[in-house]
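Q: Residue numbers (this note's numbering): 5 to 364.
A virtual CB, placed ideally from N, CA and C, is assigned to each residue, including glycine.
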Amino acid sequence: MALILGIESSCDDTGVAIYGTPTSNGQNNHSAHLLAHVKASQINTHLPFGGVVPELAARDHIKHISPLIQACLAEANIELSQLSAIAYTQGPGLSGALLVGASVATALAMSLDLPVLGVHHMEGHLLAPMLEPNAPDFPFTALLVSGGHTQLVDVSRYGNYKILGQSLDDALGEAFDKTAKLMGLDYPGGPLIEKMAAKWHENPLKASAEPIKFTRPMVNRPGLDFSFSGLKTQVRTFYNASDKSEATKQQIADAFQQTVVDTIVIKCQRALIETGHSQLVISGGVSANQFLRQRIAEKIASNKVKVFYPRLEFCTDNGAMIAYAGYQHYLQRVDNDELAKDYAFNVKPRWNIETLTDSV
Ligand code: KG4
Ligand code: ZN
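In structure tokens, the structure reads:
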């Protein structure tokens with residue numbers, strides 16, 4: 005029985021949410037659930053710069069974080085005094101942005117005499133599908149595809165994560181963003197590439213166009229690692245030599261998307277064989293991509309393998325996943341009597357998810 009306020013501020017979205025079991029008159033008459041979640045996006049702040057400007061991100065978090073906490077409490081109809089703990093994203097992410105969430109969470113916890121819990125951002129993404137009515141059970145294989153990470157993870161239980169493979173260079177979201185930027189599209193480029201690619205399929209020029217064939221990265225090599233920087237070079241070379249017309253951009257967006265999604269599908273199939281799992285979780289910003297979801301549905305989902313995603317708004321960064329992960333940490337630590345109220349804090353801009361195994 006616990007109620008957790010979760011704060012996300014690792015990059016360019018400020019998210020706040022409350023997850024758990026509210027009590028009234030000391031009686032717990034609900035099962036754990038998401039009570040409220042609110043978010044402020046910084047897209048307009050960073051748009052003129054074509055990418056996230058870390059210092060501006062931190063300032064934006066400062067501006068939004070307190071009003072969002074108040075709005076979230078109001079939406080959930082919860083008083084601060086009803087909370088059991090405060091969870092925040094401790095890393096990985098931009099250090100200035102992380103520090104805003106860490107300092108606000110710690111100060112609030114200290115003033116309320118509550119425990120404070122540092123959550124790993126990618127653990128939040130990985131557990132986000134648990135917020136859905138049809139949630140996966142342990143164990144499962146997770147594909148995490150965001151702006152900073154591309155990882156296949158073997159998940160045996162809460163807090164026990166083994167990386168099976170990961171990107172050796174650009175993350176998948178970053179590859180989408182760089183392809184978009186090359187062709188003069190705004191940031192974040194992932195959703196715009198998806199739209200451009202869809203337009204190609206409606207374009208009458210498609211019928212007579214010579215297909216573009218990019219090499220699918222790393223599929224002929226064994227193992228579960230990814231690499232997207234060679235593809236980036238292929239796309240740049242092709243684009244620079246092209247007529248740069250709208251139709252060409254659409255066709256490149258489509259070819260790029262097909263190539264990376266093919267690679268993802270092959271690696272997921274391999275990972276499922278290696279783990280023997282019958283459940284695949286896909287989360288992180290790129291999991292919002294409908295073409296990816298469609299291909300996974302065609303090639304992987306079956307009566308032997310079930311695939312799980314977060315709802316669309318929880319694919320990208322949000323407070324709900326941090327409140328949920330914080331809730332699980334809280335339950336585990338309450339059981340082990342490990343909920344120290346230590347208000348010294350640090351952030352972890354680089355943080356390997358495998359190291360969580362010992363701490364939870
Ligand atoms: O998880 P997220 O919000 O932040 C990080 O933890 O990085 O992921 C953001 C990334 C961006 O690179 C963005 O372009 C990508 O996710 N993204 C998409 C789509 N929506 C967001 N990429 C492809 N298709 C989409 N629909
Ligand atoms: Zn993220």
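Give the single residue among 304, 228, 192, 267 whose Cα lies nearest to the Cα of residue 292.
A: Here residue 292 refers to the residue found at position 288 of the sequence shown. Comparing Cα-Cα distances from residue 292 to each of 304, 228, 192, 267, the minimum goes to 192.
Q: Pull up the distance between the alpha-carbon of residue 122 and that of residue 97, whole angstroms please.
A: Translated into the one-based positions of the sequence shown, residue 122 becomes position 118. Translated into the one-based positions of the sequence shown, residue 97 becomes position 93. Answer to the nearest angstrom: the Cα atoms are 13 Å apart.
Q: For residue 21, which beta-bridge partners are listed by DSSP?
A: The residue you call residue 21 lines up with position 17 of the sequence shown. In the DSSP output, where bridge partners are listed per residue, residue 21 has 10, 41.
Q: Under 8 Å: do the segment 207–221 and the segment 146–157 share three or more Cβ pairs, one atom per stretch?
A: no
Q: Restricting to runs no shorter than 4 residues, where is the alpha helix (DSSP H) found entirely within the segment 286–357?
A: Secondary structure within the segment 286–357: the alpha helix (DSSP H) runs of 4 or more consecutive residues, fully enclosed, are 294–303, 323–339 (chain order).
Q: What are the boundary residues of the alpha helix (DSSP H) that residue 281 is part of?
A: Here residue 281 refers to the residue found at position 277 when the sequence shown is read from its first residue. Residue 281 -> no alpha helix (DSSP H), and no H or E assigned at all.
Q: Under 9 Å, do residue 309 and residue 284 count as touching if we go by C-beta distance?
A: Reading the sequence shown from its first residue, position 305 is the one you call residue 309. Reading the sequence shown from its first residue, position 280 is the one you call residue 284. Contact flag set, yes.
Q: Quick one: grab the DSSP three-state call for residue 166.
A: Walking along the sequence shown from the start, residue 166 turns up at place 162. Strand at residue 166.
Q: Might you give, ordered along the chain, the residues of its own chain that have their beta carbon closer than 7 Å to the beta carbon of residue 364, omitting 5 neighbours on each side?
A: Along the sequence shown, read from residue 1 onward, the residue named residue 364 stands at position 360. At residue 364, the pLDDT of 45 sits below 50, so the modelled position is not reliable; the number obtained from the coordinates is stated separately. Spatial neighbours of residue 364 in its own chain (CB-CB distance under 7 Å, excluding positions within 5 residues in sequence) are listed in chain order as 162, 163, 333, 336.
Q: For the segment 309–324 and the segment 82–89, state whether three or more C-beta atom pairs, one from each stretch, are separated by less than 8 Å.
A: no
Q: DSSP three-state label for residue 191, please.
A: Looking up residue 191 in the sequence shown gives position 187. DSSP places residue 191 in coil when its eight states are reduced to three.
Q: Can you list every residue whose CB sits closer than 5 Å to some heavy atom of the ligand KG4, going in chain order?
A: Having a Cβ closer than 5 Å to some heavy atom of the ligand KG4 are 150, 151, 152, 177, 180, 181, 192, 194, 195, 198, 288, 289, 290, 292, 293, 320, 321.
Q: The beta strand (DSSP E) that contains residue 144, what's its start and end?
A: As a working note, residue 144 is residue 140 in the sequence shown. 144–149 is the extent of the beta strand (DSSP E) around residue 144.
Q: Suppose you measure from the CA of residue 131 to the CA of residue 168; what does that come to, to the nearest Å?
A: Numbered from its first residue, the sequence shown carries residue 131 at position 127. Numbered from its first residue, the sequence shown carries residue 168 at position 164. The alpha-carbon atoms of residue 131 and residue 168 are separated by roughly 17 Å.
Q: Mind checking whether the beta-carbon of residue 13 lies closer than 8 Å to any heavy atom of the ligand ZN?
A: The residue given as residue 13 occupies position 9 in the sequence shown. For residue 13, the Cβ stays outside the 8 Å cut-off from all heavy atoms of the ligand ZN.
Q: Only counting the same chain, and skipping five residues up and downstream in sequence, which positions put a Cβ closer than 8 Å to that of residue 358?
A: Mapped onto the sequence shown, residue 358 falls at position 354. So the qualifying residues of the chain are 165, 166, 167.
Q: Pick from 47, 69, 112: whose alpha carbon is nearest that of residue 345?
A: Along the sequence shown, one-based indexing puts residue 345 at 341. Comparing Cα-Cα distances from residue 345 to each of 47, 69, 112, the minimum goes to 112.
Q: Answer yes or no: the CB of residue 125 versus the heavy atoms of the ligand ZN, is any distance below 8 Å?
A: Taking the first residue of the sequence shown as 1, we reach residue 125 at position 121. Within the cutoff, so yes.
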